[in-house]
Every structure is written in structure tokens, then in C-alpha cells.
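Each remark here refers to the structure printed beneath this line.
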Amino acid sequence: MSSLALPLRVFEYWLMQYRRVWRGTAITSVINPVFYLGALGIGLGTLVNKSSGNSLGVPYIDFVAPGMLAATAMTVASGEASWPVMGSIKWTRQYFAMLATPLGTRDIVLGHQLWMTARVAMTSAVYLAVIAAFGGVDSPWGILALPAAVLLGAAFTTPFAAYAATRDSDAAFVPVNRFIVVPMFLFSGTFFPVSRLPQALEWLAYATPLWHGVELCRMFTLGNVDALRALGHTAYLLLFVVVGFIWAQRTYAERLLK
Amino acid sequence: MDAAAQLPLVHARGLVKSFGELVAVDGVDFDVQRGEAFGFLGPNGAGKTSTMRMIGCVSPPSGGTLRILGLDPVTQGAEIRAKLGVVPQQDTLDTELTVRENIIIYGRYFGLPRSDLGKRADELIDFVQLNDRANDKVEPLSGGMKRRLTIARSLVNDPEVLLLDEPTTGLDPQARHTVWDRLFRLKQRGVTQILTTHYMDEAEQLCDRLVVMDRGKIAAEGSPQELIRRYSTREVVELRFRAENRPEEVADELKSRLDGSVRRLEALPDRLLLYTDDGDATATHVHEFDLKPESVLVRRSTLEDVFLHLTGRTLVDD
Ligand SMILES: Nc1ncnc2c1ncn2[C@@H]1O[C@H](COP(=O)(O)OP(=O)(O)OP(=O)(O)O)[C@@H](O)[C@H]1O
Ligand SMILES: [Mg+2]
């Protein structure tokens, strides 16, 4: 794998940077799921379980936890692919430092993507562990919710990093958050089944990568694995990763090699 | 010696860089030989950084030929960059990391083994005299210290060629002299240096040979002494006036009355420059006229005069 040797040098930079802040992010990544699962799964869940007549088929916490896992993977991914990318172009200018060495734009994109994916994986692993502690993992298949969350993360980090590399100010991330991340967070089957949405919005929800990620995670934690559907969701998310990666290589080269 | 060693380290012919309509580098020719210190001297926007970025293989030329170490920067960029040390015009340090970490991670970009890098970083930190700040974050360092760190970092891979884009801009005189001293030592060790500057004294101090660049073109080329000999006189008499005395009008009057010893005369807003081979004689001669200058100064010609002659403009507008 000599083709990974160069991107790994870029990965090492991010690791070095992370060593300064890891304590804070580690604490957040434990506290977040405890609070959310406590409030939504147990607090709200008691009400939902009473009044829904068990229309979800499982306790609410079992339903909502994989949704939260996927939504968190998305949130972490979008953060990691926004400010750090802009910062490496405009603030630390570290991409330019890398480019003055044998590293090329492909190494910089791939190395940074590997790091973002690693961050998604760390946060998701903690999340999944907390879900298990809350009794929300009903099957050994549940372990596969981790790679599912990571794949979902990569479906966001690649196009978001590509976009961030074209922007001049971090103000550009506000509309992305407001019109893409937050609506998906709320309406892509995270908290309630998308079949409850008006028809048009339901179809829109099916097109979002988050819905595919939620379905995949939920399938695994609940243990209702349907191989064909799992493959379909995986393929759909991979499409985002591949297209996003190609796009990112292009926008990075345009931005950095003027 | 093999053939490659005799080729110029950098070879450019008709080199062009354009950004849309704007032609930043407009067909320049130059060669840099192994071991020499070669300078690009020119005002803001002359195209110095654009040229340096092409040499650094991070900006594809829009036209012409460019060879670095005999290689093609477009297809063999990574191989070339492995042998370059780059001090960019704008620092690219991570100010949240320490001085030492900045050097170590940069060494890792070159693939140098971690086990060697600690020692290497300490040597380089010592070379630029940042020892007492080695484990401090970069953030609070002064501009001059950051610049020295950037220079130290650029040496981590033992480069054959050092590219320095305005290495001392913004530094106080003492910091500049420290940097000059370090660059001089590197030159003695045989490191080829390509640098840009808009400081005349820097160019005269550091460069064996230089090109004067203006609006994307090369206006002249040679050693500092050659350029001064070719485009200026040995000495200059500077007459300073109050603005209300209108140096331009005085110039016209002077022109008609001066003898042949003054070869050229430049009128700037606040002063007249008389180019002559015998400054004292000219100064004495000028005193015979009733001009009442604020001050009369006889000095040696510098590259500033060369630049003024070639472009009709001063290099650093003040
Ligand atoms: N990335 C870019 N996009 C568009 N125009 C550019 C770009 N880089 C440089 N230019 C333009 O090219 C011209 C030459 O710029 P360059 O930075 O090479 O000059 P310079 O000699 O280094 O100037 P300075 O002394 O100010 O650093 C300028 O007009 C500049 O605006
Ligand atoms: Mg410049």
C-alpha cells in the first residue's frame, strides 16, 4: 500500500493537532449520547411507548438510538469537513505547507479524508457503546452499525470538503447547516418514520444520504438485516463518497495550484 | 562531472504565468547555476511570487519552458519538491503547534523518519537561535521569530535549492541581519538560493546575480556591481528641497547650466538626483548656483538608482 504512505503523512499532521484537544472532544462524545438517549429514549420514550400503541414495533429508545447515531455521524462529518478545511487554506495555511513538499493534492485530500473518517469512527464507536449500555442494541449485528455510520460520515465529508475548498469565508457554512444538515437531522427518519411525512417530503427524505445511513444503522442494531436492502443503502452512500472525492480533488487542485 | 550537474539548476525560457486576462509573468528568461544566490528584485506586483511559485512546482506555467534540476515541474513536481526548501512570502506555520512540532511534522511530510527528526529539529532550532522558544507555541512569537522558524523548517530536508520569497520583509534591522547571516552561512555550505526582495541593500548583500523585474518582465540582469556600472554612475549627489521649491522646475534650470560631469538627472517629488562620476566636484559645482537646497548628500550609487533608471519609478514608494 505504498499509495497510502503519502496520505498517511497528512493524517499524521491531523493526529498531532488533535493531541492538543482530544480530552475535550472525548468528554463531549460521551456526554452527548448519554444526554440525548436519556432525554429522548427514556424521557420522551416513556410517553411515545404509552400513546403509540406500539406502532413502531420496538421500544422508542431502540428506534431512535440508531437514528441519533447516524445523525451524529453526519454532524461530526460536516463539522470536520468545514472549518478545518477552510483553516488549512486560510488560517494555518497548512495545505500550502504540505504542497511545498513531495505531497500532492490527492495526498492532501485523501489524508485529510482519512482523518475526518477516523474522527467520525471515534465518535460513533463511543455512541454505539452508550446505546448498548442503554440496552438499545438488540442483536450482534449491531456492531455493523459502526462501519455504517462511518460510511455515512464519508458520504458527507467528501462533498462538504470539496465545497469548503471553494469558499472564502466560513459564513458559507451557515446556509449549508441551516438548509441541509439541520433539516436532514430532523426529517430523515431519525426521530420518526419518514412515512409520517407528506408524500412529497417522504420521497425527498428517501433521496437524502442520511435516511440511507439511518436505515442501515437501524437494521443492524435491531437485527432485522435484509441483505439486498443493506447493499442498496451501501451503494447509494458509496456513490456520494466517490463523487464527493472526485469533486474534492478537483476543487482542491483549483484552489491550491493557481 | 555528469551532464546533469553542468546544466543550470533552474532554466527558464519565455516563461509565462497568466491569471485570466492578467499576465503576471510575461515571457522571462533566466538561468540559475548551482551554488549561486540569485535574486528577483522588483516592486509590488512585479511577478516575483508568481515566478517563485512556478519554480516551487505549485503553480503550472501558462507558457514557455521551465526546468528545475533538469526535471519538468508539471510531471515531476513531487520529485523536484523533495529537493527544494521553500520559504513562502506568507508563513504557513500552524501557530497552535510548538516551534519544534512545526519542524517535525514538516519533516514527516518529506517522509523523514520520526527517530531522526527530533535531533534534526533541535539542530535547526539552534541554527536560527530559537532554543529558548523550542517548546513554546508559535502563536505569540514575534514576526521575526516566525520568519526564522520558517527558514529553519525549510532546511529540514537538506534542500539543494532554497526558495526565499521576501525572507526579511517586515523584520526589524537586527532580525534582518540575523537572517542575512544565516543565509550567508548556507551559501558557504553550497546551498543554491533563489530569493525575491524589494530591498536594495538585501539584494546587494545576498545576491551574486539578480534580475530586475517590473510588470512581469525582466528589465535587466547581472551582478549588483555590473548593474550599477551599466545603468548608473559611480556616485550620486542628492539635493533635498522643500516641496514648495518645486524640484522639477529647479531641474530644468540646472540642466541648462550644468557641465558634462553630470551624466543624468532625476527629479523626484522631494529631491533631485545628479548622476556623476565625481560626486564632490559636482557638489562643489552645484553650490555655485543659488539653489538653496535643504541638504546636499554625496553617496555611492545603489540598485535603487538602477531601478529608477530602468523603470522611471522608485522601488518602494514612501
Ligand atoms: N492567484 C492569483 N490570481 C489572480 N491574480 C494573481 C494571483 N496571484 C498573483 N496575481 C496577480 O499577479 C500579479 C503579480 O503578482 P505577484 O504576487 O507575483 O507579485 P510580486 O512581485 O510577488 O509582488 P509583491 O512584492 O507584492 O509580493 C499581481 O497583479 C497580482 O495581483
Ligand atoms: Mg510577492
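Chains as they are written, first to last, in my numbering: chain A, 1 to 258; chain B, 259 to 576.
Beta carbons are placed, not taken as given, at the ideal position from N, Cα and C, and that holds for glycine.
Taking residue i as the reference, give the member of the options with the closest Cα.
i, options, result
"B/A232", "B/L453, B/H435, B/L523, B/V344", "Any property of residue 232 of chain B remains undetermined from this structure, which presents chain B solely from 259 to 576."
"A/A15", "A/A118, A/N54, A/G153", "Reading the sequence as shown, one finds Leu at residue 15 of chain A and not Ala. Taking only the C-alpha atoms, the option nearest A/L15 is A/A118."
"B/D416", "B/L531, B/V396, B/T450", "B/T450"
"A/A39", "A/G24, A/Y18, A/S55, A/F134", "A/F134"
"B/D459", "B/R434, B/D349, B/L444", "B/R434"
"A/A230", "A/L110, A/L151, A/W22, A/F35", "A/L151"
"B/T353", "B/D528, B/S400, B/L555", "B/S400"
"B/D289", "B/L327, B/V344, B/R487, B/P301", "B/L327"
"B/K404", "B/H269, B/I383, B/V419, B/E418", "B/I383"
"A/P33", "A/P147, A/I131, A/M184", "A/I131"
"B/G272", "B/I476, B/E546, B/V494", "B/I476"
"A/L186", "A/S169, A/A205, A/Q199", "A/A205"
"B/A478", "B/E279, B/D330, B/H567", "B/H567"
"B/D423", "B/I313, B/D284, B/V495", "B/I313"
"B/D287", "B/R440, B/M471, B/Y364", "B/M471"
"A/L6", "B/G293, B/R366, B/A304, B/T307", "B/R366"
"A/N224", "A/G87, A/F179, A/W115, A/G57", "A/G57"
Does the beta carbon of residue i fall short of 8 Å from some heavy atom of ligand 1?
i, result
"B/F565", "no"
"B/F288", "no"
"B/T540", "no"
"A/A70", "no"
"B/S308", "yes"
"A/Q94", "no"
"A/K258", "yes"
"B/T560", "no"
"A/M98", "no"
"B/A304", "yes"
"A/L110", "no"
"B/A478", "no"
"B/A282", "yes"
"B/P301", "yes"
"B/G474", "yes"
"B/G278", "yes"
"A/M122", "no"
Check whether the Cβ of residue i sits closer than 8 Å to any heavy atom of ligand 2, and report yes or no.
i, result
"B/T426", "no"
"B/K275", "no"
"B/K341", "no"
"B/D254", "With chain B covering only 259 through 576, there is no way to say anything about residue 254 of chain B."
"B/T454", "yes"
"B/Q483", "no"
"B/Q387", "no"
"B/Q451", "no"
"B/Q347", "yes"
What did DSSP end up calling residue i once you bin it into helix, strand or coil?
i, result
"B/L399", "coil"
"A/A165", "coil"
"B/L530", "strand"
"B/D287", "strand"
"B/F277", "strand"
"B/K475", "strand"
"A/S29", "helix"
"B/S559", "coil"
"A/S82", "coil"
"A/M1", "Caution applies to A/M1, whose pLDDT of 41 falls short of 50 and renders its modelled position unreliable; the value that the coordinates give is listed next. DSSP places A/M1 in coil when its eight states are reduced to three."
"B/S553", "strand"
"B/V437", "helix"
"B/F296", "strand"
"B/T323", "strand"
"B/D577", "Residue 577 of chain B cannot be examined here, being either before or after the span of chain B that is shown, 259 to 576."
"A/V76", "helix"
"B/D447", "Looking at the sequence provided, one finds Arg at residue 447 of chain B rather than Asp. If DSSP states are grouped into helix, strand and coil, B/R447 belongs with coil."
"B/V414", "coil"
"A/V194", "helix"
Below 8 Å on the Cβ atoms is my guess for residue i versus residue j; work out the distance and round it to an integer in Å.
i, j, result
"A/T221", "A/M68", "That pair is no contact at about 11 Å."
"B/N360", "B/V386", "Contact flag wrong, Cβ pair sits at about 12 Å."
"B/V414", "B/R378", "6 Å"
"B/K341", "B/V419", "7 Å"
Shorter than 8 Å, the distance from the beta carbon of residue i to the closest heavy atom of ligand 4, or not?
i, result
"B/M458", "Ligand 4 is not among the ligands present in this structure, which contains only ligand 1 and ligand 2."
So if I threshold CB-CB distances at 9 Å, which residues from the region 263 to 284 of chain B count as touching chain A?
F277
Give me the subset of the region 527 to 548 of chain B whose CB atoms are less than 9 Å from a CB atom of chain A, sorted by chain position.
none
Chain-ordered residues of the region 366 to 393 of chain B with a beta carbon less than 7 Å from chain A:
R366, Y367, F368, G369
Which residues, in chain order, does the region 83 to 103 of chain A contribute to contact with chain B at a C-beta distance below 7 Å?
Result list: T92, R93, Q94, F96, A97, M98, L99, A100, T101, P102, L103.
Short-range partners of chain A found in the region 346 to 361 of chain B, where Cβ spacing is below 8 Å:
P346, Q348, D349, T350, L351, D352, T353, E354, L355, E359
With 9 Å as the limit, tell me which residues of the region 184 to 202 of chain A have their beta carbon closer than that to any beta carbon of chain B; keep them in chain order.
Within the region 184 to 202 of chain A, no residue has a Cβ that lies closer than 9 Å to any Cβ of chain B.
Can you give me, in chain order, the residues of the region 17 to 42 of chain A that have a beta carbon less than 8 Å from any beta carbon in chain B?
If the cut-off is 8 Å between Cβ atoms, the region 17 to 42 of chain A has Q17, R20 near chain B.
Closer than 8 Å, Cβ to Cβ, to anything on chain A: give me those residues from the region 315 to 348 of chain B, in chain order.
V316, S317, P318, G335, A336, E337, R339, A340, L342, V344, P346, Q348
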